[in-house]
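Asks: Here the sequence shown is numbered in our numbering, starting from 1026 and rising by one per residue.
Please see the structure below; I have some questions.
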Amino acid sequence: MINQQITANNKRSSVLTRTGMIIMILLTVTKVVPSLEIAGYSVFVGIAFFFITEASDKTRGTESGLRFNTIAADLKKPGVMVWLLLPCVSGIATLVVGNLIFSGQFTAHIIGRTSSILSFDKTALLAGQMIIAAFGEEIAYRGFFFGKSSKLFPIWPCALVSSIVFAAGHIAAGNTGLVAYDVITILIDSLIFSVIYYKSGNCVISTFSHILGNAVSLAAIFVFF
């Protein structure tokens, strides 16, 4: 009886995970029709399915992909701090190389891509928006898409697919080469966040890295570019 219950729970979790992933992918694919403007809803879908699957599985707090009470311990896990700081370096490198390749236009592209969701003229509001956006994306793409799918499929293909979907969601109008460069660098950062999640098991930790990387990049844009 117990084994039957476990099997039923596993099947339900598998169906929920696959359903959420498919919806997120389909929403992201709508980027090919910019006028639809619904790709961003994939984040909300990911957040919803994260909590639905955790509730369905009756996930214990110590096994959840979203834990606040183990932050200190998770930060001490091997390699976590090094990977956590890596997006700060990659963010600066992305800006420098991007502006060299595209004659200073890359910074303008980044500001244009994010201006609809970030209030650059209001510091306190900007900080809050960055925190909320990063936290939501990490729950959706690392906690749910990568974390839950890796229980069904090999880990690194899951990391790659979730990162491709995440990066594709950031496609914006602009020069083809410039947009491609932007998406590729986002893909690289997403893979870094996936490694952080894999090592820590906690999307709060990958959120720290996401926020820190974005903050350093934006500070560099306004100070140096």
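We treat Cβ as the ideally placed atom computed from N, Cα and C, and that holds for glycine.
#1: Just confirm the distance between the C-beta atoms of residue 1187 and residue 1219, as a whole number of angstroms; I'd bet it's less than 8 Å.
#2: Short of 6 Å in beta carbon distance, which residues of its chain neighbour residue 1231, apart from the five on each side in sequence? Order them along the chain.
#3: Is residue 1197 closer than 8 Å to residue 1215 when the C-beta atoms are compared?
#4: By the three-class DSSP mapping on this structure, what secondary structure does residue 1146 have?
#5: Could you name each continuous alpha helix (DSSP H) segment of 4 residues or more that falls completely within the region 1168-1221, going from the start of the chain to the end?
#6: State whether the region 1039-1057 contacts the region 1131-1139, with contact taken as three or more CB pairs (one from each stretch) at a distance under 8 Å.
#7: Check each candidate in 1228, 1238 and 1243 and name the one with the smallest Cα separation from residue 1093.
#8: Starting from residue 1166 and walking both ways along the alpha helix (DSSP H), at which residues does that stretch end?
#9: Which residue comes first and which comes last in the alpha helix (DSSP H) that contains residue 1112?
#10: Among the residues of its own chain, which have a CB less than 8 Å from the CB of residue 1114, if the five just before and after it don't count?
#11: With distances taken between CB atoms, is the gap from residue 1190 to residue 1160 smaller than 8 Å?
#12: When the Cα atoms are used, what is the spatial distance from residue 1058 to residue 1127?
Replies: Checking against the coordinates, here is how it stands:
#1: As a working mapping, residue 1187 is identified with position 162 in the sequence shown. As a working mapping, residue 1219 is identified with position 194 in the sequence shown. Sure, about 7 Å apart at Cβ, within 8 Å.
#2: Counted from its first residue, the sequence shown places residue 1231 at position 206. Cβ neighbours of residue 1231 beyond the five flanking positions: 1163, 1167, 1218, 1221 and 1222.
#3: In the sequence shown, counting from the first residue as 1, residue 1215 sits at position 190. In the sequence shown, counting from the first residue as 1, residue 1197 sits at position 172. No, they are not a contact pair.
#4: Counting from one through the sequence shown, the residue named residue 1146 turns up at place 121. Here residue 1146 sits in coil by DSSP.
#5: Fully enclosed alpha helix (DSSP H) runs of 4 or longer: 1180-1193.
#6: Taking a cut-off of 8 Å on C-beta distances, the region 1039-1057 does not touch the region 1131-1139, as fewer than three cross pairs fall below it.
#7: Sequence index remark: in the sequence shown, residue 1093 carries index 68 (1-based). Taking residue 1093 as reference, the option from 1228, 1238 and 1243 with the minimal CA-CA separation is 1228.
#8: Looking up residue 1166 in the sequence shown gives position 141. Premise fails: residue 1166 is in no alpha helix (DSSP H) and is neither H nor E.
#9: For the purposes of this step, residue 1112 is identified with residue 87 of the sequence shown, where counting begins at 1. Counting along the chain, the alpha helix (DSSP H) containing residue 1112 begins and ends at 1105-1126.
#10: The count along the sequence shown starts at 1 and reaches residue 1114 at position 89. Same-chain partners within the cutoff: there are none.
#11: As a position in the sequence shown, residue 1190 is number 165, starting the count at 1. As a position in the sequence shown, residue 1160 is number 135, starting the count at 1. In this structure, residue 1160 does not lie closer than 8 Å to residue 1190 by Cβ.
#12: On the sequence shown, residue 1058 is found 33 positions in, with the first residue counted as 1. On the sequence shown, residue 1127 is found 102 positions in, with the first residue counted as 1. Computed Cα separation, rounded: 26 Å.
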